[in-house]
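*Asks:*
Protein chains: 2
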Amino acid sequence: MNVLIVSAHPGPASLTNALRDVAVEQLRADGHEVRISDLYAMNWKAAHDCDDFTALSPDEPLSFPFASMRAADTRAFSDDIIAEQDKALWADALILAFPLWWFSMPAILKGWIDRVWTAGVGYQISGNRYGAGRMAGKRAMLMVMVGGGESYFSDRGVNGPIDDLLFPINHGCLYYPGYDVLPSYVLHKTDRLDEEGFKAAAQDVRDRMRTLFTTAPIPYRPQAEDYTERKFELKEDIAATAPPGFAGHIRQQP
Amino acid sequence: MNVLIVSAHPGPASLTNALRDVAVEQLRADGHEVRISDLYAMNWKAAHDCDDFTALSPDEPLSFPFASMRAADTRAFSDDIIAEQDKALWADALILAFPLWWFSMPAILKGWIDRVWTAGVGYQISGNRYGAGRMAGKRAMLMVMVGGGESYFSDRGVNGPIDDLLFPINHGCLYYPGYDVLPSYVLHKTDRLDEEGFKAAAQDVRDRMRTLFTTAPIPYRPQAEDYTERKFELKEDIAATAPPGFAGHIRQQP
Numbered sequence: 001m002n003v004l005i006v007s008a009h010p011g012p013a014s015l016t017n018a019l020r021d022v023a024v025e026q027l028r029a030d031g032h033e034v035r036i037s038d039l040y041a042m043n044w045k046a047a048h049d050c051d052d053f054t055a056l057s058p059d060e061p062l063s064f065p066f067a068s069m070r071a072a073d074t075r076a077f078s079d080d081i082i083a084e085q086d087k088a089l090w091a092d093a094l095i096l097a098f099p100l101w102w103f104s105m106p107a108i109l110k111g112w113i114d115r116v117w118t119a120g121v122g123y124q125i126s127g128n129r130y131g132a133g134r135m136a137g138k139r140a141m142l143m144v145m146v147g148g149g150e151s152y153f154s155d156r157g158v159n160g161p162i163d164d165l166l167f168p169i170n171h172g173c174l175y176y177p178g179y180d181v182l183p184s185y186v187l188h189k190t191d192r193l194d195e196e197g198f199k200a201a202a203q204d205v206r207d208r209m210r211t212l213f214t215t216a217p218i219p220y221r222p223q224a225e226d227y228t229e230r231k232f233e234l235k236e237d238i239a240a241t242a243p244p245g246f247a248g249h250i251r252q253q254p
Numbered sequence: 001m002n003v004l005i006v007s008a009h010p011g012p013a014s015l016t017n018a019l020r021d022v023a024v025e026q027l028r029a030d031g032h033e034v035r036i037s038d039l040y041a042m043n044w045k046a047a048h049d050c051d052d053f054t055a056l057s058p059d060e061p062l063s064f065p066f067a068s069m070r071a072a073d074t075r076a077f078s079d080d081i082i083a084e085q086d087k088a089l090w091a092d093a094l095i096l097a098f099p100l101w102w103f104s105m106p107a108i109l110k111g112w113i114d115r116v117w118t119a120g121v122g123y124q125i126s127g128n129r130y131g132a133g134r135m136a137g138k139r140a141m142l143m144v145m146v147g148g149g150e151s152y153f154s155d156r157g158v159n160g161p162i163d164d165l166l167f168p169i170n171h172g173c174l175y176y177p178g179y180d181v182l183p184s185y186v187l188h189k190t191d192r193l194d195e196e197g198f199k200a201a202a203q204d205v206r207d208r209m210r211t212l213f214t215t216a217p218i219p220y221r222p223q224a225e226d227y228t229e230r231k232f233e234l235k236e237d238i239a240a241t242a243p244p245g246f247a248g249h250i251r252q253q254p
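In order, the protein sequences belong to chains A and B. Going by full-length UniProt numbering, 193 is the number at position 193 of the first sequence; the sequence numbering is gapless. Going by full-length UniProt numbering, 55 is the number at position 55 of the second sequence; the sequence numbering is gapless.
1. Is it true that the CB of A:A47 sits closer than 9 Å to the CB of B:A107?
2. Specify, as a first and last residue, the run of the beta strand (DSSP E) that A:P99 falls within.
3. Can you look up A:N128 in the DSSP assignment and give me helix, strand or coil?
4. Taking any Cβ of chain B, which residues in the region 132-153 of chain A have a Cβ under 7 Å from it, in chain order?
5. In three-state DSSP terms, what is A:R230?
6. Check whether the Cβ of A:E233 lies closer than 9 Å to any Cβ atom in chain D.
7. Residues of the region 154-187 of chain A in Cβ contact with chain B at a cutoff of 9 Å, in chain order, please.
8. Would you mind reading off the limits of the alpha helix (DSSP H) that contains A:L19?
9. One question on the structure: do B:L62 and A:P10 come within less than 9 Å of each other, judged by their Cβ atoms?
10. From the beta carbon of A:Q223, is the nearest beta carbon of chain B less than 9 Å away?
11. Does the separation of the CB atoms of B:I5 and B:R35 fall below 9 Å?
12. State buried or exposed for A:C173, treating a residue as buried only when at least 16 other CB atoms are found within 10 Å of its CB.
13. Would you say B:I113 faces chain A, with C-beta separation under 9 Å as the test?
14. DSSP puts B:G157 in a beta bridge; with which residues?
15. When the Cα of A:V116 is compared with those of A:D80, A:R139, A:D204 and A:Y130, which residue comes out closest?
16. At what residues does the alpha helix (DSSP H) containing A:R210 begin and finish?
17. If the cut is a Cβ gap below 9 Å, which residues of chain A does B:P243 touch?
18. Please report the straight-line C-alpha distance between B:A201 and A:M135, rounded to a whole angstrom.
19. Relative to the alpha-carbon of A:G120, which residue among A:A72, A:D86, A:L165 and A:I162 has its alpha-carbon at the smallest distance?
20. Just to make sure I have the definition right: I need the residues of chain A whose C-beta is within less than 8 Å of the C-beta of B:L62. Which are they?
21. Can you pull the chain A residues whose beta carbon is under 7 Å from the beta carbon of B:K110, in chain order?
22. Is there a Cβ of chain A sitting closer than 9 Å to that of B:F213, yes or no?
23. For A:Y220, list the residues DSSP reports as bridge partners.
24. Show which residues of chain B have a CB atom less than 9 Å away from the CB atom of A:Y40.
25. Kindly list, in the order they appear in chain A, the residues whose Cβ is closer than 8 Å to that of B:P217.
26. Could you tell me the alpha carbon to alpha carbon distance between residue 258 of chain A and A:Q223, rounded to whole angstroms?
27. If you draw a straight line from the C-alpha of B:A23 to the C-alpha of B:S184, how long is it?
28. So, with DSSP's three-state summary, where would you put B:D180?
29. Could you give the first and the last residue of the continuous alpha helix (DSSP H) run that contains A:D86?
30. Going by beta-carbon coordinates alone, are A:N244 and B:W102 separated by less than 9 Å?
31. Closer than 9 Å, CB to CB, is B:H249 near chain A or not?
32. If we count Cβ pairs, one from each stretch, closer than 8 Å, do we get three or more for the region 186-202 of chain A versus the region 133-153 of chain A?
33. Within 9 Å of any Cβ in chain A, is that where the Cβ of B:A76 sits?
34. May I ask you to report which of helix, strand or coil DSSP gives A:M69?
35. Could you tell me whether the region 26-40 of chain B touches the region 207-217 of chain B, using the rule of 3 or more Cβ pairs below 8 Å?
36. Using beta carbons (cut-off 9 Å, strictly below), is A:F198 in contact with chain B?
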């Protein structure tokens, strides 16, 4: 199978990049094709702006959503965007590897999402999102390096539960374009990791790579099935029993 | 009072910038001093990297948290970071004005947080976070432009509740450094706003600016009071009655 790993740490010797390389090695050993987008090494442009559109009329009022929809058919986007889209479309699985900075992705990786997920790729102009779209049938997974300890991100931890903090990425940036999203690989206390800790982490990463195409995805609710048509809210019978907050958008396991 | 508005939309005539200007006008009419950081106009560098540190030793292994702590006392950060820190320290209130892109901030604004919130400013090296820190006593508020309709972001909407989507920003990026965080100003269906809609929005923004220093902040739980000391989890008696998810980190109104 084909795998794209997008990584976002500026230090060549960083833990993010070291565990990314462990993942690459295991995937290749298992016979997969792997491509890497090392955003810092590529000097990836983070800020989405008018230069991202190659056929923007200076006369029209600037609306990025409308501009993106008009550009979708001819893919009138800048070359660096097209190159990343082609990698993502080639890949059967997408892995985003990054340190958690301020409870989300580093800016450079957010800029990959902002710019690469144009109309026609990140979403279809008409039709359903969330479980449907261009990336349906593909898999996606986060590899997240977290400085803080696990308890700070537990159900009752002061930062909020890690799965909820990652929901805008997993559900909003990956399930929305259609990916089956796997449970995230999360490593805690990364600033105090010793050699033993790294070995254990590398083993976990290898295990996750070996099961990349068999692990059950998070059972997010498909928009076409579980939500009303006009208001895009949970159907009444589902809402009656679903838990509040983000958890309500995950189907309960039987 | 002093107010800093950080805005993040590339279109000079965009709704984000138009409503930012309405806010500025009202604040100045009310006698406040206002400074603006228009990140696209400033060509703000989004990607946090080694160049952000002016005294980084090439011999030490790169750890951004440790590098930031070592640089804090002498403020050995690049000039553009120092300039933004000085604005934020000068301001009694901080407003972040942005379009919601992929359920979070545009990359350029995330890069402002990633880079400007160094040790010594975004957090104290030792001591409490969340309701304590360098920004204690100051206020902060988001102005968020959302393309989708309100129901899509309701308690049962397919995207998740807007307050939960903004929690990593409000709680994680603003309350953490010590700000009193006000309820966000959120405008929906921004791509289909007509002149009447803009007038109503501008009136709402003026009202929010008039009450910027009197509106009650979101009653997030201070780390020093409501959490255990070592694990940073909700104290047992609080956890027993607090709702699950992000909502548990807000004190219930009596």
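Ideal Cβ positions, reconstructed from N, Cα and C, are used throughout, including at glycine. On a predicted model such as this, the values are computed, not experimentally measured, just so you know.
*Replies:* Taking the structure as given:
1. Remark: C-beta atoms of B:A107 and A:A47 approach each other more closely than 9 Å.
2. Looking at the DSSP string, the run of the beta strand (DSSP E) that includes A:P99 is A93 to P99.
3. Of the three classes helix, strand and coil, the one that applies to A:N128 here is coil, per DSSP.
4. Cβ contacts with chain B: G147, S151 and Y152.
5. In this structure, A:R230 counts as coil in the three-state DSSP scheme.
6. Within the model displayed, chain D is absent; protein chains A and B are what it includes.
7. So the close ones are S154, D155, R156, G157, V158, N159, G160, P161, D164, L165, F167, P168, I169, H171, G172, C173 and Y176.
8. Counting along the chain, the alpha helix (DSSP H) containing A:L19 begins and ends at L15 to A29.
9. Their beta carbons are under 9 Å apart, which means B:L62 touches A:P10 by this criterion.
10. Yes, because at least one Cβ of chain B sits closer than 9 Å to the Cβ of A:Q223.
11. Cβ atoms of B:I5 and B:R35: closer than 9 Å.
12. Here A:C173 is buried, its C-beta having at least 16 other C-beta atoms within 10 Å.
13. Yes, its Cβ sits closer than 9 Å to a Cβ of chain A.
14. As a beta-bridge residue in DSSP terms, B:G157 pairs with A:E233.
15. It is A:D80.
16. Run containing A:R210: E195 to R210, per the alpha helix (DSSP H) assignment.
17. Residues of chain A passing the Cβ test: P244 and G245.
18. Spanning the two alpha carbons is a distance of roughly 36 Å.
19. Out of A:A72, A:D86, A:L165 and A:I162, A:A72 has the C-alpha closest to the C-alpha of A:G120.
20. Simply P10, G11, A13 and S14.
21. S104, A107 and K110, listed in chain order.
22. Judged by the 9 Å Cβ criterion, B:F213 is not in contact with chain A.
23. According to DSSP, A:Y220 bridges with A:I250.
24. Against chain B, the beta carbon of A:Y40 has neighbours under 9 Å at A47 and D49, listed in chain order.
25. Those do not exist, as B:P217 stays about 18 Å from chain A at its closest Cβ, beyond 8 Å.
26. It is not possible to answer for residue 258 of chain A, since the shown part of chain A is limited to 1 through 254.
27. So the alpha carbons of these two residues sit roughly 14 Å apart.
28. In the structure shown, B:D180 sits in a strand (DSSP, three-state: E or B).
29. In the DSSP annotation of this structure, the continuous segment of the alpha helix (DSSP H) that includes A:D86 starts and ends at D79 to W90.
30. Note that residue 244 of chain A corresponds to Pro in the displayed sequence, not to Asn. Not closer than 9 Å, so no.
31. Yes, B:H249 counts as interfacial toward chain A.
32. With a cut-off of 8 Å, the region 133-153 of chain A and the region 186-202 of chain A count as touching, because enough Cβ pairs lie within range.
33. Chain A contact via Cβ: absent.
34. In the structure shown, A:M69 sits in a helix (DSSP, three-state: H, G or I).
35. Cβ pair count under 8 Å is three or more, so yes.
36. Output row for A:F198: interface = no.
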